[in-house]
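Report on the following structure.
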Amino acid sequence: FCGENAADYVSGISQPAIDAGQVEKEKARVYAPLGKTEGLTPFQVEYKTRRIVNDYLQPPKVTRKMEIGLQRFDEIREDLQHMGAADPHELMRAMEAHTIRDCAELAARASLYRTESRWGLYHLRVDHPEKNDADWFCHTNVTSDADGNAVFRKRAVEPYVVELNEEEKSAYQRLRVATPAAA
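First residue of the sequence shown? That's 3 in the working numbering, and the numbers climb one at a time after it.
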């Protein structure tokens with residue numbers, strides 16, 4: 003059933019023209035690490051990126067720390083240009099390092115965009131400790147535009163299939179630690 007419907011759908015749409023120049027540019031970007039015998043390895047770049055995520059983006063989230071993390075991701079973007087790969091496996095890891103860095107940056111930008119706390123410790127903003135359903139009871143979608151800039155969109159939360167009563171709606175929120183450990 004699904005396959006037949008998919009086949010019907012694609013038979014009715016036209017395929018866009020392939021831009022050969024764009025393909026060549028992307029191939030050059032992907033294969034560039036193979037031509038570099040010196041520089042950072044994909045493992046070093048990935049490790050550095052993951053350390054920045056752990057050091058600057060983990061909850062509780064602090065605006066200034068996330069901003070510093072974004073500065074570090076910009077530095078890693080420069081490092082990517084100097085990354086080398088000795089073989090196809092390292093080339094694959096080099097492309098993963100690009101993606102890991104890009105995803106980490108978008109996650110940081112999305113966290114800065116959502117100026118509230120929600121989901122317990124997972125998205126606890128020190129400078130925005132309260133949940134704000136009036137502005138943020140929504141999904142936040144983040145994508146990159148053609149220039150690599152983050153683009154945000156709020157998307158409505160679809161109604162629950164099974165209606166929840168008020169106690170069920172606030173059950174997760176009641177599990178949060180209400181008093182800081184220092185108090």
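Glycine is no exception: its CB is placed at the ideal position from the N, C-alpha and C atoms. This one's a predicted model, so the numbers in the text were calculated from it and none came from an experiment.
query	result
For Ala84, three-class secondary structure by DSSP	Going by the sequence as given, residue 84 is His instead of Ala. Here His84 sits in coil by DSSP.
Assumed close pair Asp129, Thr65 - CB separation to whole angstroms, cut-off 8 angstroms	5 angstroms
Opposing strand residues paired with Arg120 [DSSP bridges]	His125
Backbone CA spacing between Asn56 and Gln17 [nearest angstrom]	42 angstroms
Touch test, the stretch 119-127 against the stretch 43-61, Cβ-Cβ under 8 angstroms, three pairs minimum	yes
Residues that Ala201 bridges to, as DSSP identifies them	In the structure as shown, the chain starts at 3 and stops at 185, and residue 201 therefore has no counterpart that could be examined.
Beta-carbon spacing of Thr51, Arg103 below 8 angstroms	yes
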